[in-house]
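J.:
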Ligand code: GDP
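In this note's numbering, the protein residues as written are 1 to 363.
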């Protein structure tokens, strides 16, 4: 029923999940008209709410590939706080010559001082670098409802009376955004969950638009090199910002190190300067002399350098040296970034498996 995904009781984040007890009740029911919906369809039907499910890379590529055969507009949702962790490089290759509209979600997290036009240019530039020929880009906040009407106008403008496929990695806020769009546009009763793509086990949700076409929600792909995959639920809450980022600036002296809780470490090499952190303000930032940093880390991992709380299961740090030619951000996927001035040289440590990169400063 519903989305067409195969019913399973093993993994609540995968398509088709129902609780074992629900399945049992259904199987034992004498009622001929009994219906069984997966959790996602159930929530959509009863609460008008989309829950995201995870799919693996192969399934996701199949899904993108099937979009390439459709005549449609692709709406790609990325997370402005974690752009590097949420962009899908090569998206354009997979979906063919479809128009792609890039939506930068979570704009509410940026400090008020940010210049939105500059950021839109930056998003356009980044899309280009990742091979995405975006027809347009917009910044929204699904949580706050910022620019949702503008987004819907843009979708209308570019879809040319065609279907709309919404794609994105998990955690970009895709479900929150679609729920916003649904509640702004439709009546709960009109919501139906229809068929999946032929030949795959993926589920999709078709939300009717008023001209007989659909806005199609697709499962989110997981990017494994995000910090989120190494944290427990409580730590993830501490790491994920909910309020606008409050920049934390440090005036450095020679030979200093700053720890972002026990999640990252930055050694500042041969430079005296100001550096600014853009991370959740709940995270402790600790400064120490680099010569003492290892000892400090070992001594304080389980007290002032938390999170992570589960030190045993947390990957070892891996380091990389970055030199900034211009004012730059060193980005740790899912954690935030550190802005350093031109000329600065920094050794950045992050848990092995979490992606670290450098970019032109966005603020
Ligand atoms: P999905 O996996 O892409 O469907 O993402 P979700 O809709 O489940 O959202 C992932 C997380 O991002 C949740 O904690 C949301 O509350 C949060 N989130 C979604 N949209 C926004 C937004 O506009 N601003 C902020 N600050 N957080 C958001």
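Glycine residues also receive a C-beta, built at the ideal position from the N, C-alpha and C atoms.
All figures in this text were calculated on a predicted structure; none of them were measured in a lab.
1) Could I get the ranges of all uninterrupted alpha helix (DSSP H) runs contained in the stretch 96-183, with 4 residues as the minimum, in chain order?
2) Can you name, in chain order, every residue of its own chain whose Cβ lies under 7 angstroms from the Cβ of residue 107, other than the five neighbours on each side?
3) Sort 334, 257, 362 and 325 by Cα distance to residue 287 and report the nearest one.
4) Leaving out five residues on either side along the sequence, give the residues of the same chain with a beta carbon under 8 angstroms from the beta carbon of residue 160.
5) Quick check on the burial criterion: 16 or more other C-beta atoms within 10 angstroms. Buried or exposed for residue 251?
6) Does the beta carbon of residue 365 fall short of 7 angstroms from some heavy atom of the ligand GDP?
7) How would you call residue 89, buried or exposed, if buried means at least 16 neighbouring beta carbons within 10 angstroms?
8) Return the chain-ordered list of same chain residues with a C-beta closer than 6 angstroms to the C-beta of residue 293, the five sequence neighbours on each side being excluded.
9) With a threshold of 7 angstroms (Cβ to nearest heavy atom), would residue 175 be considered close to the ligand GDP?
10) Helix, strand or coil for residue 37 per DSSP?
11) Quick one: what does DSSP say residue 10 is sitting in, helix, strand or coil?
12) How is residue 347 classed by DSSP in three states: helix, strand or coil?
13) Label residue 66 either buried or exposed according to how many other C-beta atoms from any shown protein chain fall within 10 Å of its C-beta, with 16 as the threshold for buried.
14) How should residue 351 be labelled, buried or exposed, when 16 other C-beta atoms within 10 angstroms of its C-beta is the threshold for buried?
15) For the ligand GDP, I want to know if residue 143 counts as a neighbour, meaning its beta carbon is within less than 7 angstroms of at least one of the ligand's heavy atoms.
16) Quick one: is residue 84 buried, meaning 16 or more other Cβ sit within 10 Å of its Cβ, or exposed?
17) Looking at the structure shown, is residue 92 part of a helix, part of a strand, or coil, going by DSSP?
18) Can we count residue 255 as close to the ligand COA, meaning its CB is less than 7 angstroms from some heavy atom?
19) Among 321, 325 and 296, which residue has its Cα nearest to the Cα of residue 347?
20) Under three-state DSSP, which class holds residue 86?
21) Does the ligand GDP have a heavy atom nearer than 7 angstroms to the CB of residue 116?
22) Taking residue 209 as the reference, which of 340, 123 and 178 has the closest Cα?
23) By DSSP, does residue 240 sit in helix, in strand, or in coil?
24) Taking the beta carbon of residue 171 as the centre, do at least 16 other beta carbons fall within 10 Å, making it buried, or is it exposed?
25) If you follow the alpha helix (DSSP H) that residue 23 is in, where does it begin and where does it stop?
T.: With the given structure in hand:
1) Whole alpha helix (DSSP H) segments, 4+ residues: 116-129 and 148-159.
2) The residue you call residue 107 lines up with position 107 of the chain shown. Sequence-distant Cβ neighbours of residue 107 in its own chain, meaning closer than 7 angstroms and more than five residues away, are 80, 139, 140, 141 and 146.
3) Working through the chain shown from its first residue, we reach residue 287 at position 287. If we check each option's Cα against that of residue 287, 257 comes out closest.
4) The residue given as residue 160 occupies position 160 in the chain shown. Only 73 meet the Cβ criterion.
5) On the chain shown, position 251 is the one that residue 251 refers to. By the beta-carbon neighbour count (other beta carbons within 10 angstroms, threshold 16), residue 251 is exposed.
6) Examination of residue 365 is not possible in this model, given that the chain is present from 1 through 363 alone.
7) In the chain shown, residue 89 corresponds to position 89, counting from 1. Exposed is the call here.
8) As a working mapping, residue 293 is identified with position 293 in the chain shown. Cβ within range, chain order: 257.
9) The residue given as residue 175 occupies position 175 in the chain shown. True, at least one ligand heavy atom lies under 7 angstroms from that Cβ.
10) Position 37 of the chain shown, counted from the first residue, corresponds to residue 37. DSSP places residue 37 outside both helix and strand once states are collapsed to three, so it counts as coil.
11) Within the chain shown, the letter at position 10 stands for residue 10. Under the three-state reduction of DSSP, residue 10 is assigned to coil, being neither helix nor strand.
12) Position 347 of the chain shown, counted from the first residue, corresponds to residue 347. Three-state DSSP puts residue 347 in a strand.
13) What you label residue 66 is simply residue 66 of the chain shown in a count that begins at 1. By the 16-neighbour rule on beta-carbons within 10 angstroms, residue 66 is buried.
14) Counting from one through the chain shown, the residue named residue 351 turns up at place 351. Burial is judged here by how many other beta carbons sit within 10 angstroms of a residue's own beta carbon; residue 351 has at least 16 and is buried.
15) Within the chain shown, numbered from 1, the residue matching residue 143 stands at position 143. Taking 7 angstroms as the cut-off, the C-beta of residue 143 counts as close to a heavy atom of the ligand GDP.
16) Here the question's residue 84 lines up with position 84 in the chain shown. That one is buried.
17) As a position in the chain shown, residue 92 is number 92, starting the count at 1. Three-state DSSP puts residue 92 in a helix.
18) Looking for the ligand COA in the displayed structure turns up nothing; the ligands present are the ligand GDP.
19) Walking along the chain shown from the start, residue 347 turns up at place 347. When each option's Cα is compared against that of residue 347, the closest is 321.
20) Position 86 of the chain shown, counted from the first residue, corresponds to residue 86. Reduced to three states, the DSSP call for residue 86 is helix.
21) The residue you call residue 116 lines up with position 116 of the chain shown. Checking every heavy atom of the ligand GDP against the Cβ of residue 116, none is found closer than 7 angstroms.
22) Taking the chain shown and counting its residues from 1, the one referred to as residue 209 is at position 209. Minimum Cα distance to residue 209 is reached at 178.
23) Residue 240 sits at position 240 when you count from the first residue of the chain shown. Coil.
24) Working through the chain shown from its first residue, we reach residue 171 at position 171. Around the Cβ of residue 171, a 10 Å sphere holds 16 or more other Cβ atoms; the residue is buried.
25) Indexing the chain shown from 1 puts residue 23 at position 23. Counting along the chain, the alpha helix (DSSP H) containing residue 23 begins and ends at 20-28.
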